[in-house]
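The structure under discussion appears below in the form of structure tokens.
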Amino acid sequence: MASHGPATPMTSRPCGPLTGTADVPGDKSVSHRSLILGAMAVGETRITGLLEGQDVLDTAKAMQAFGAEVTRHGEGAWSVHGVGVGGFAEPDQVIDCGNSGTGVRLIMGAMATSPITATFTGDASLRSRPMARITDPIALFGAQSFGRQGGRLPMTIIGAADPVPVTYTTPMPSAQVKSAVLLAGLNAPGRTVVIEKEATRDHSERMLAGFGAEITTEATPEGHVITLTGRPELRPQTIAVPRDPSSAAFPVAAAVLVPGSEILVPNIGLNPTRAGLFRTLIEMGADITFENERLEGGEPVADLRVRHSALKGIEVPPERAPSMIDEYPILSVLAANAEGVTVMKGVKELRVKESDRIDAMARGLEAMGVTVEEDEDTFIVHGMGPGGVPGGGTAAARLDHRIAMSFLCLGMAAKRPVSVDDAAPIATSFPIFVPLMSALGADLAEG
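So the sequence shown is numbered by full-length UniProt numbering: it starts at 1 and just counts up by one.
Here you go:
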């Protein structure tokens, strides 16, 4: 059973200007998918720039458990000898996905149409998260699932021996659900169709096409219709993982907040289904420029130059939520330092992330002297102007890396230090966060 080690309290103190270059880790979404699709291809896929956070390392171990040969050759450099679509072996141990909702949900989809059985678990946070959003659609292919009450981990999946293709309309905007269904569809005969009312991040579609799958996306009055032809022979690829825009959000936000700051954040993936935060920040008045714009592996990439800026509150359109769903915690910190009110609508998906992120940010911001309002699908932050947040409190991270990093960024620009009760979960997605931010000029210390 996965568990969380000793808590690591951390305090962030007001600091001087942040300067330098922030080399953030590889994109987590692309890293997970490159390992999984590499394991489902025939031959050797080579990956550079892989994020080596615990979430991704857990996915690498899972692919080994299903029979793929996964090898690390150096920092960020990995290879995967795949077993082909439908070639997964039955694992002889429980698959522990740690803190990763993306990892467990995509892997469940990938194995759901093979005649094997696997049991999944994770840490306390992951075991509290809903899995019915995956087990419901994979049941349509013929898979069976047996978990705790409420459809929670630990959970055993019995893959379909004779899978059938599926047409599935996603009940909520979720790239994880869409991707799980597409991965399940790889080993089903005929065409599997996913219909989503709002477009979500499309890394899976881009990467499936790169590996040789026949996949199309069409915009219709009903929504985005993605059609995958099953049972292809996936071809191994050479993948250069772009750097993670969700990780970049933290040094970008800190540089915007701390007076006198100017930093460069190179090689950031700017897939339009992921770049909503940067568009929102520019609307709020942030000084962000995109340099050296280019394509790498089919993904748009640029270097971000970021300078301290005075922000104004805005209303973030709900249709933008899928392109920045992981960035609302740090956006709420930015909103607390803006002039006026920032309204975030269409954000109920935040309630079922690694924590209830609306509640976590609301309670933490209140502890720092910020006024907030919330309902099930809306979060409103009353800005206190640049440097106006009193700080001086402790926020509960709730085993959630993005909550911890968001409040540590707040402390860099607040009037008094800001503490989090546990910074250890940061290692799941951004293991170099503390040294990277410290090198830019942040004042972070355990305790």
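For glycine and all other residues, C-beta sits at the position ideal for the given N, C-alpha and C.
With a threshold of 6 Å on Cβ separation, who are the neighbours of Gly369 within its own chain once the five nearest residues in sequence on each side are excluded? Excluding residues within five positions, the ones whose Cβ falls inside 6 Å are Pro390.
Could you spell out where the alpha helix (DSSP H) holding Leu436 opens and where it closes? Where Leu436 is concerned, the enclosing alpha helix (DSSP H) stretches over 433-440.
Does DSSP put Ile116 in a helix, in a strand, or in coil? Coil, per DSSP.
Under DSSP, the alpha helix (DSSP H) around residue 455 begins and ends at which residues? Limits of the chain in this structure are 1 at one end and 447 at the other, which puts residue 455 out of reach.
I'd like to know whether the C-beta atoms of Phe407 and Gly447 end up nearer to each other than 9 Å. Taking 9 Å as the Cβ cut-off, Phe407 and Gly447 do not qualify as a contacting pair.
Going by the beta-carbon positions, is the gap between Pro410 and Leu257 smaller than 9 Å? Contrary to the premise, residue 410 reads as Leu rather than Pro in this sequence. A contact, by the Cβ cut-off of 9 Å.
Please decide whether Ala199 counts as near chain C, where near means a Cβ-Cβ distance under 9 Å. Note that chain C does not occur in the displayed structure, where there is just one protein chain.
Secondary structure at Ile215, three-state DSSP: helix, strand or coil? It is a strand residue.
Do you know how far the Cα of Asp58 is from the Cα of Ala110? So the two alpha carbons sit approximately 15 Å from each other.
From the DSSP output, which residues share a beta bridge with Gln144? Note: Gln144 sits in a beta bridge opposite Ile158.
Decide if Asn73 is buried, meaning its Cβ has at least 16 other Cβ atoms within 10 Å, or exposed. As written in the sequence, residue 73 is His, which differs from the Asn given in the question. Under this definition His73 is an exposed residue.
Just verifying my parser: in three-state terms, what is the DSSP assignment at Asp375? Strand.
Under the three-state reduction of DSSP, which class applies to residue 450: helix, strand or coil? Because the chain spans 1 through 447 in this model, residue 450 falls outside it and cannot be assessed.
When the Cα atoms are used, what is the spatial distance from Asp162 to Val181? So the two alpha carbons sit approximately 16 Å from each other.
Beta-bridge pairing of Ile47 - partner residues as DSSP gives them: Paired residues: Trp78, Ile239.
I think Leu264 touches Gly285, with their Cβ atoms under 8 Å apart; what is that distance to the nearest whole Å? Cβ-Cβ separation between Leu264 and Gly285: approximately 20 Å, too far for a contact (criterion under 8 Å).
Which residues in the same chain have their Cβ closer than 8 Å to the Cβ of Glu214, if we skip the five residues on either side of it in sequence? Counting only Cβ-Cβ distances below 8 Å, and skipping sequence neighbours, we find Leu228, Thr229, Pro232.
Given that a residue counts as buried once 16 or more other Cβ atoms are within 10 Å of its Cβ, and exposed if not, what is Pro435? Around the C-beta of Pro435, fewer than 16 other C-beta atoms lie within 10 Å, and the residue is accordingly described as exposed.
Cα-Cα separation, Leu444 to Met405: Leu444 and Met405: Cα-Cα distance of roughly 11 Å.
Helix, strand or coil at Arg33 [DSSP, three-state]: Here Arg33 sits in helix by DSSP.
By the three-class DSSP mapping on this structure, what secondary structure does Lys353 have? Three-state result, Lys353: coil.
Between the Cα of Ala362 and those of Val333, Gly212, Leu208, spot the shortest distance and give me the residue it belongs to. The candidate whose alpha carbon is nearest that of Ala362 is Val333.
Is DSSP giving Thr169 helix, strand or coil here? Here Thr169 carries a strand assignment [DSSP, helix/strand/coil].
Secondary structure at Lys345, three-state DSSP: helix, strand or coil? Lys345 falls in the strand class under three-state DSSP.
Using 9 Å as the threshold, is the C-beta distance between Asp403 and Arg351 below it? The amino acid occupying residue 403 in the given sequence is Ile; Asp does not appear at that position. Contact flag unset, no.
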